[in-house]
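If you're matching positions, the sequence shown starts at 409 in the numbering used here and goes up one per residue. Don't be surprised by glycine CBs; every beta carbon is placed ideally from N, CA and C. Predicted model only: the values in this text are computed from it and were never measured. Single-structure report; data block below.
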Amino acid sequence: MNTMSSPFEPEIEIRLTDKNHALTEALVEAALQLGVDPSRESTRLQDAIDVDSLLALVDASDNPASDLQVSFDIWGIRYVVTPEKVAASRRD
Numbered sequence: 409m410n411t412m413s414s415p416f417e418p419e420i421e422i423r424l425t426d427k428n429h430a431l432t433e434a435l436v437e438a439a440l441q442l443g444v445d446p447s448r449e450s451t452r453l454q455d456a457i458d459v460d461s462l463l464a465l466v467d468a469s470d471n472p473a474s475d476l477q478v479s480f481d482i483w484g485i486r487y488v489v490t491p492e493k494v495a496a497s498r499r500d
């Protein structure tokens, strides 16, 4: 069930290569590329989402081409995470 009101069109896409630390790095890198410095934001990533659980969910997919995706908003950015990539776009 898609609850998003309009199709998500990412401004940034970052492929996940080494999933151990790549997910957090990709989330931060996408924010920086969109002009948001997470270190200056009042909400820490770890306080908004459980990165380990998100990684476990994404890794649980045995098929990297599956349609599993997790989306969330933080720092004025909409993220969509799949087993292969992190996509992000500013919420305006």
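Assigned exposure category for residue i - 16 Cβ within 10 Å defines buried
| i | result |
| --- | --- |
| Thr411 | A caution first: Thr411 carries a pLDDT of 49, below 50, which makes its placement in the model unreliable, though a value can still be read off. Answer is exposed; the Cβ neighbour count stays below 16. |
| Val459 | exposed |
| Thr490 | buried |
| Val494 | buried |
| Gly443 | exposed |
Continuous alpha helix (DSSP H) stretch holding residue i: start and end
| i | result |
| --- | --- |
| Asp455 | Leu453 to Ala456 |
Reduced DSSP secondary structure (H/G/I, E/B, other) of residue i
| i | result |
| --- | --- |
| Asp467 | helix |
| Glu433 | helix |
Start-to-end residues for the beta strand (DSSP E) that takes in residue i
| i | result |
| --- | --- |
| Asp504 | Since the displayed the chain opens at 409 and closes at 500, residue 504 lies outside it and no answer follows. |
| Ser349 | Nothing about residue 349 can be read from this structure; the chain reaches only from 409 to 500. |
| Arg423 | Ile420 to Arg423 |
Identified DSSP bridge partners for residue i
| i | result |
| --- | --- |
| Val459 | DSSP lists no partner for Val459. |
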